[in-house]
């Protein structure tokens, strides 16, 4: 944690390495209220949650006096010093070293433990980030010149914490917070060198040894089964720093061109030696180019690795300087900032807080400030956040997440956190009816190019004269009815400018794997901004809103499975879905209309009765084509019920059908 200068955070990764929502973790996001720690009563929200929402365990394996003056002075016996290095050197020299080790071990045992993980889990968080120093691997410590407490004594307590995280299904980010020689002139590195002394071959090599050691530990020790990311360096000296710190001696180009690729290689070499499969490899995290300490992707090895991640820290109060007591300025920054970096998709804000000069008792402001920042870090292109920090002695919710939950300045369960980011206008309509909604528009748009791509790939293309004839016939029949465009050139523009972001791209040159990568890219970058598939309809439901959707099972344009999937996600996220939302599947109906199925014309009147009188719809009549010159009357039923022929009478009469629950999904 860099508490003395501007900071800002995001992490990115790719599809190869695993992330929280990739695993079927039984306890993932089961939550309880903070006041009833350990008593989980909320259901698992795996289906409804796909963002990282976490907290740092700061001040634990690397201590910072400003967070814990009583702990620092009285438990650890570090009074009169500012860093762990100085504490052991000045207060526990020579034969006093064992006493210092015992003091530090008491701190490691009690400041954070398995109960802390449970508490974080019980207020709805799904991720923890663990800052740790290189001296945790004692083989690389120069004992003559680096008097840190014995790092191997912290490992049993680290093991217990990550084991509890694994038991609960919580994702863990392991963060090299303190590097050999110190990567910043700040005590968060465990020492306070001036200038920062990390940027040399000797210390690069020692840090790479630590990365190798930790990677092996993660992949070999079952307690670390939910550790999915390793950050190879926290907050190096940056252009944000004052007093001409940047660049530190040896930092340019050493950090980007030597250490970053070396640390990446250290991880991948261990994984190759252990035969770790692609989907279990770690994300390797670097500071984002937003941190202004160099762009890690300027190195070709980093740029080409499929499982890298990027971290950049955002403390809005620091950024505003003397203006950090201005509530309007704080909210404006939270609402308009952009943490996304092109090319660094799957980004997470790895450190942030509500630090400011606003009175911490102003509950109304801090509820809004937290919500605005949560929404900022979960915008399109962002994938979540990790708050700094879980525990302090400050009695200050601006820095202390556990305190903020106890005061109810932030949501106290996973459902509340989910609700915080949904629905800009939940009360604009009291009733909604939607036919064949294009909920997953981003995927649908690129999917429409599949047929062309596949024909080109298989070299089974229709002849130009055939297409020209069909096009001319269609235009002849339809153009007089609607005028407007007569072709689909805009789809090519969509692919070039939005998916590839290259006006010269050509779909005919793609391989199959490149097409799949393009599809995934589109979903990552545009899904959240172009789709209407957020399942958290909490406020709409609480306001008394009612919604009906129907989808033709013969829809040739939008798969009806997408509407069913959305309905199921709403139920998994909000619960009791039939109280405010009904979904009807219409056999034989095309896209909104047409086909042999009937148009459900009565649904709008039924929606109105539901909104105005509280009469929930069940059966709805439809008229479908029976023969070339006759129709028959049937019914449609709200999912998961189906219309079943039940009487020994005419199949053309509505009374012959009833709504039944059918277990098997045909």
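Numbering (mature numbering (1 follows the signal peptide of the UniProt record, and there is no 0)), first residue to last: -17 to -1, 1 to 649. Glycine included, every Cβ here is placed at the ideal spot set by N, Cα and C. Note that the structure is a prediction, hence the values are computed from the model and not measured.
Do the stretch 58 to 66 and the stretch 81 to 101 touch if we need at least three Cβ pairs shorter than 8 Å?
yes
On the DSSP letters alone, give me the boundaries of the alpha helix (DSSP H) that residue 99 sits inside.
97 to 105
Closest to residue 393 by CA distance: which of 365, 350, 361 is it?
350
Give the C-beta separation of residue 167 and residue 214 to the nearest angstrom, bearing in mind that I take them to be a contact with Cβ-Cβ under 8 Å.
Residue 167 to residue 214, Cβ: 14 Å. No contact.
Would the stretch 147 to 164 and the stretch 189 to 209 be scored as touching if the rule is three or more Cβ pairs under 8 Å?
yes
Let me check understanding here. Comparing Cα to Cα, which of 209, 296, 526, 86 lies closest to residue 324?
296
Using the three-state DSSP reduction, which class does residue 172 fall into: helix, strand or coil?
helix
By a C-beta neighbour count over all protein chains shown, 10 Å radius and 16 as the cutoff for buried, is residue 515 buried or exposed?
exposed
Taking a contact to mean a Cβ-Cβ separation below 8 Å, would you say residue 395 touches residue 106 in this structure?
yes
Buried or exposed: which applies to residue 286, given that a residue is buried once 16 or more other Cβ atoms fall within 10 Å of its Cβ?
exposed
On the CB-based measure, 16 or more other CB atoms within 10 Å of its CB, does residue 489 come out buried or exposed?
exposed
Measure from the alpha carbon of residue 410 to the alpha carbon of each residue in 522, 86, 48, then state which is nearest.
522
Enumerate in chain order the residues of its own chain whose CB-to-CB distance from residue 196 is below 7 Å, with the five nearest sequence positions on each side excluded.
120
Looking only at its chain, what residues have a beta carbon closer than 7 Å to the beta carbon of residue 208, apart from the 5 residues adjacent to it on each side?
149
Could you give the distance in angstroms between the alpha-carbon of residue 140 and the alpha-carbon of residue 532?
52 Å
Span separating the alpha-carbon of residue 278 from that of residue 391:
39 Å
With DSSP collapsed to three states, give me the class of residue 268.
strand
What residues are listed by DSSP as bridge partners for residue 533?
418, 567
Based on the DSSP secondary-structure assignment, which residues constitute the bridge partners of residue 335?
297
Please state whether the Cβ-Cβ distance between residue 223 and residue 153 is less than 8 Å.
no
Just verifying my parser: in three-state terms, what is the DSSP assignment at residue 196?
helix
Residue environment, residue 499, which counts as buried when at least 16 other CB atoms sit within 10 Å
exposed
Tell me the rounded alpha-carbon separation between residue 334 and residue 369.
6 Å
For residue 593, the first and last residue of its enclosing alpha helix (DSSP H):
586 to 596
Starting from residue 83 and walking both ways along the alpha helix (DSSP H), at which residues does that stretch end?
80 to 93
Determine the burial state of residue 283: buried for a count of at least 16 other Cβ atoms within 10 Å of its Cβ, exposed for fewer.
exposed
Mind checking who residue 161 pairs with in its DSSP beta bridge?
116
Enumerate, from N- to C-terminal direction, the unbroken beta strand (DSSP E) stretches of 3 or more residues contained entirely within the stretch 198 to 245.
210 to 214
Given that a residue counts as buried once 16 or more other Cβ atoms are within 10 Å of its Cβ, and exposed if not, what is residue 256?
exposed
One question on the structure: do residue 201 and residue 265 come within less than 8 Å of each other, judged by their Cβ atoms?
yes
Endpoints, the beta strand (DSSP E) within which residue 360 is located:
Where residue 360 is concerned, there is no enclosing beta strand (DSSP E), although the alpha helix (DSSP H) it sits in stretches over 346 to 360.
Express the C-alpha separation of residue 341 and residue 585 in angstroms, rounding to a whole number.
55 Å
Segment limits, beta strand (DSSP E) that includes residue 695
What the structure shows of the chain is the stretch from -17 to 649, and residue 695 is not part of that stretch, so it cannot be assessed.
N- and C-terminal bounds of the alpha helix (DSSP H) containing residue 147
138 to 151
Which residues mark the beginning and the end of the alpha helix (DSSP H) in which residue 370 is found?
Segment 365 to 370 is the beta strand (DSSP E) holding residue 370; no alpha helix (DSSP H) there.
Taking C-beta to C-beta, are residue 375 and residue 50 nearer than 8 Å?
yes
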